[in-house]
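Okay, so here's the structure we're looking at.
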Amino acid sequence: GNADVKYFGRSRRVTLYGVGPDFAEALKMRVASGEFLPQEDPRSARALAVLGSKVAREFFGGDNPLGSRIRVGGERYRVVGVMQSKGQVLGFDLDDTVFIPVGRALEMFNRESLMEIHVTYEPTAPLAEVEQGIKRILVARHGAEDFTVTPQQKMLEVFGTVLDAVTFAVAAIGGISLVVGGVGILTILTIAVAERTAEIGLLRAVGATQRRILLLFLGEAALLAAIGGAAGLLLGWAIALLLALALPALPVHTPWSYAVLAELVAVAVGLAAGVLPARRAARLDPLEALRSE
1 GNADVKYFGR SRRVTLYGVG PDFAEALKMR VASGEFLPQE DPRSARALAV LGSKVAREFF
61 GGDNPLGSRI RVGGERYRVV GVMQSKGQVL GFDLDDTVFI PVGRALEMFN RESLMEIHVT
121 YEPTAPLAEV EQGIKRILVA RHGAEDFTVT PQQKMLEVFG TVLDAVTFAV AAIGGISLVV
181 GGVGILTILT IAVAERTAEI GLLRAVGATQ RRILLLFLGE AALLAAIGGA AGLLLGWAIA
241 LLLALALPAL PVHTPWSYAV LAELVAVAVG LAAGVLPARR AARLDPLEAL RSE
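Per the working numbering, residue 1 is the first one in the sequence shown, and the count goes up by one each step.
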């Protein structure tokens with residue numbers, strides 16, 4: 001859950017984790033200083049807290065927080081440890097977190113049972129047997145199967161499916177945008193050829209070859225596509241920057257290699273769209289073109 005954390009005039013709402021002493025080991029987290037929560041009876045656990053690296057940095061700066069008293073959700077807790085930076089796990093920023101004993105968290109949030117249990121097992125152990133063993137233990141304790149066992153592999157598969165769907169949707173939108181942009185360039189160049197017929201005839205009359213006229217209009221198509229692609233990239237970069245400022249916990253990354261590839265694809269589409277108008281311009285008869293004036 002979330003709770004207000006206060007220390008010497010500083011106050012901020014922070015994600016709070018009620019955990020057992022083996023939580024750090026289960027998630028392969030390391031303690032930077034001090035220690036993690038000790039082995040205690042969860043029903044009578046002391047008011048101890050372990051800070052994520054970001055929380056420790058914001059509240060204490062370069063000072064040593066060990067032994068300090070902070071107020072968490074209106075109660076005083078003694079800081080016994082600070083975690084090394086872990087980053088995000090399944091969308092949760094473990095660096096921006098305060099860890100307290102599970103019994104005290106249940107009392108603070110007025111809950112009667114745990115929300116989830118993390119289980120680690122040997123990589124060589126068969127997953128199906130591990131699941132069955134967990135179910136047997138919990139059913140024996142609860143008297144019914146009122147829980148769900150979700151292996152990490154299944155969670156990753158779900159995330160992969162969601163990401164694939166998002167990727168497909170974005171690709172579809174991008175493809176439609178390219179088609180619309182190509183049609184736009186085709187229309188613009190077709191109109192340009194019609195309006196500049198006399199100019200094309202004059203160029204042919206003074207010695208311009210069909211190839212030069214063709215390259216002239218293809219160059220215009222490439223320039224239009226490059227400008228449109230660059231504008232789209234700048235807009236995307238600005239949106240990513242705003243998201244990073246508005247949602248610091250959201251990982252935002254701009255892969256410049258993909259940006260260059262997108263610009264090249266835009267130019268290629270522009271060239272493809274400009275072929276027909278350019279060929280039409282190159283094939284104009286100089287005399288007929290000059291008469292159109």
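Cβ coordinates follow ideal geometry from the N, Cα and C atoms, glycine included.
Exercise. Can you list, in chain order, the stretches of the beta strand (DSSP E) that have 3 or more residues and sit fully within the stretch 17-100?
Worked result: Counting whole runs of 3 or more residues, the stretch 17-100 contains the beta strand (DSSP E) stretches 31-34, 48-51, 69-72, 75-83.
Exercise. For ARG10, does the count of other Cβ atoms within 10 angstroms reach 16, so buried, or fall short, so exposed?
Worked result: Within the sequence shown, numbered from 1, the residue matching residue 10 stands at position 10. Classification for ARG10: exposed.
Exercise. With distances taken between CB atoms, is the gap from GLY18 to GLY103 smaller than 9 Å?
Worked result: Within the sequence shown, numbered from 1, the residue matching residue 18 stands at position 18. Within the sequence shown, numbered from 1, the residue matching residue 103 stands at position 103. Yes, Cβ-Cβ distance for GLY18 and GLY103 is below 9 Å.
For this session: Could you have a look at ASP4 and say whether DSSP puts it in helix, strand or coil?
Result: Residue numbering aside, residue 4 sits at position 4 when the sequence shown is read from its first letter. Note: ASP4 maps to strand in three-state DSSP.
Problem set entry | Enclosing alpha helix (DSSP H) for LEU186 [first to last residue] | Here the question's residue 186 lines up with position 186 in the sequence shown. Its alpha helix (DSSP H) spans residues 152-195.
For this session: Could you tell me if GLY228 is buried or exposed, where buried requires 16 or more neighbouring beta carbons within 10 angstroms of its beta carbon?
Result: Locating residue 228 in the sequence shown gives position 228, where the first residue counts as 1. Here GLY228 is buried: its Cβ has 16 or more other Cβ atoms, across all protein chains shown, within 10 Å.
Problem set entry | Beta-ladder partner(s) of SER257, from DSSP | By 1-based counting over the sequence shown, the position of residue 257 is 257. When DSSP reads this structure, SER257 sits in no beta bridge, so it has no partner.
Problem set entry | Beta-ladder partner(s) of LEU15, from DSSP | As a working mapping, residue 15 is identified with position 15 in the sequence shown. The residue asked about is misnamed: residue 15 is Thr in this sequence, not Leu. Secondary-structure assignment with DSSP links THR15 through a beta bridge to ASN2, THR97.
Exercise. Buried or exposed: which applies to GLY201, given that a residue is buried once 16 or more other Cβ atoms fall within 10 Å of its Cβ?
Worked result: Your numbering for residue 201 matches position 201 in the sequence shown. Counting the other Cβ atoms within 10 Å of the Cβ of GLY201 gives 16 or more, which makes it buried.
Problem set entry | Given PRO65 as reference, the closest of ARG78, THR150, ALA144, ALA194 once Cα atoms are compared | Residue mapping note: residue 65 aligns to position 65 of the sequence shown, counting from 1. Considering only alpha carbons, the answer is ARG78.
Problem set entry | GLY270 beta carbon less than 9 Å from that of ALA225 | Residue numbering aside, residue 225 sits at position 225 when the sequence shown is read from its first letter. Residue numbering aside, residue 270 sits at position 270 when the sequence shown is read from its first letter. Yes.
Exercise. What three-state label does DSSP hand ARG10 in the structure shown?
Worked result: Indexing the sequence shown from 1 puts residue 10 at position 10. Per DSSP, reduced to three states, the secondary structure at ARG10 is strand.
For this session: Find out if the Cβ-Cβ distance for the pair ALA83, ALA3 is shorter than 9 Å.
Result: The count along the sequence shown starts at 1 and reaches residue 83 at position 83. The count along the sequence shown starts at 1 and reaches residue 3 at position 3. The sequence shown places Met at residue 83, rather than the Ala named in the question. Not a contact, by the Cβ cut-off of 9 Å.
Problem set entry | Assigned secondary structure, GLU112 (DSSP; H/G/I helix, E/B strand, else coil) | The count along the sequence shown starts at 1 and reaches residue 112 at position 112. Residue state, collapsed to three classes: coil.
Exercise. Under three-state DSSP, which class holds ILE137?
Worked result: The residue you call residue 137 lines up with position 137 of the sequence shown. Of the three classes helix, strand and coil, the one that applies to ILE137 here is helix, per DSSP.
Exercise. Per DSSP, what kind of secondary structure is PRO286 in: helix, strand or coil?
Worked result: The residue you call residue 286 lines up with position 286 of the sequence shown. Judged by DSSP in its simplified three-state form, PRO286 adopts helix.
Problem set entry | When ALA221, TRP256, LYS28 are compared against VAL119, the one with the closest alpha-carbon | Taking the first residue of the sequence shown as position 1, residue 119 is located at position 119. With distances taken between Cα atoms, VAL119 lies closest to LYS28.
Problem set entry | Same chain only: Cβ atoms within 8 Å of ARG13, ignoring 5 sequence neighbours per side | The residue you call residue 13 lines up with position 13 of the sequence shown. Result list for ARG13: ASN2, ALA3, ASP4, VAL5, in chain order.
Exercise. Whose C-beta lies closer than 6 Å to the C-beta of THR97 among residues of the same chain, with five residues either side of it excluded?
Worked result: The residue you call residue 97 lines up with position 97 of the sequence shown. Only THR15, TYR17, GLY52 meet the Cβ criterion.
Problem set entry | Integer-rounded CB distance, given that TYR7 should sit under 8 Å from ILE70 | On the sequence shown, residue 70 is found 70 positions in, with the first residue counted as 1. On the sequence shown, residue 7 is found 7 positions in, with the first residue counted as 1. Right, their Cβ atoms sit about 5 Å apart.
Exercise. From MET155 to GLY274, what does the alpha carbon distance come to, in whole angstroms?
Worked result: One-based indexing of the sequence shown puts residue 155 at position 155. One-based indexing of the sequence shown puts residue 274 at position 274. In a straight line, the C-alpha of MET155 is about 47 Å away from that of GLY274.
Problem set entry | Selection from LEU218, ALA266, ALA259 that minimises the alpha carbon distance to THR190 | Translated into the one-based positions of the sequence shown, residue 190 becomes position 190. Closest by alpha carbon: LEU218.
Exercise. Any idea if PHE36 is buried or exposed, counting beta-carbon neighbours within 10 angstroms, 16 or more meaning buried?
Worked result: As a working mapping, residue 36 is identified with position 36 in the sequence shown. Result: buried.
For this session: Could you check the C-alpha separation between ILE173 and VAL158 for me, to the nearest Å?
Result: The count along the sequence shown starts at 1 and reaches residue 173 at position 173. The count along the sequence shown starts at 1 and reaches residue 158 at position 158. So the two alpha carbons sit approximately 23 Å from each other.
For this session: Please say whether ILE188 and ALA282 have beta carbons closer to each other than 9 Å?
Result: On the sequence shown, position 282 is the one that residue 282 refers to. On the sequence shown, position 188 is the one that residue 188 refers to. No.
For this session: Measure the alpha-carbon distance for VAL50 versus GLY184 and round it to whole angstroms.
Result: Translated into the one-based positions of the sequence shown, residue 50 becomes position 50. Translated into the one-based positions of the sequence shown, residue 184 becomes position 184. Answer to the nearest angstrom: the Cα atoms are 59 Å apart.
Exercise. So what's VAL220 in DSSP terms, helix, strand or just coil?
Worked result: Here the question's residue 220 lines up with position 220 in the sequence shown. The residue you asked about is not Val; residue 220 is Glu in the sequence shown. Residue state, collapsed to three classes: helix.
Exercise. Using the beta-carbon count (16 or more within 10 Å), is LEU261 buried or exposed?
Worked result: Taking the sequence shown and counting its residues from 1, the one referred to as residue 261 is at position 261. Per the 10 Å Cβ criterion, exposed.
Exercise. For LYS86, does the count of other Cβ atoms within 10 angstroms reach 16, so buried, or fall short, so exposed?
Worked result: The residue given as residue 86 occupies position 86 in the sequence shown. Buried, by the Cβ-count rule.
For this session: For GLY81, I'd like the list of residues in its chain whose CB is within less than 6 Å of its CB, leaving aside the five on either flank, ordered along the chain.
Result: One-based indexing of the sequence shown puts residue 81 at position 81. Excluding residues within five positions, the ones whose Cβ falls inside 6 Å are VAL31, GLY34, GLU35, PHE36, VAL50.
Problem set entry | Three-state class that DSSP yields for PRO277 in the structure shown | Within the sequence shown, the letter at position 277 stands for residue 277. Here PRO277 sits in helix by DSSP.
Exercise. DSSP on GLU107, reduced to helix/strand/coil?
Worked result: Locating residue 107 in the sequence shown gives position 107, where the first residue counts as 1. Note: GLU107 maps to helix in three-state DSSP.
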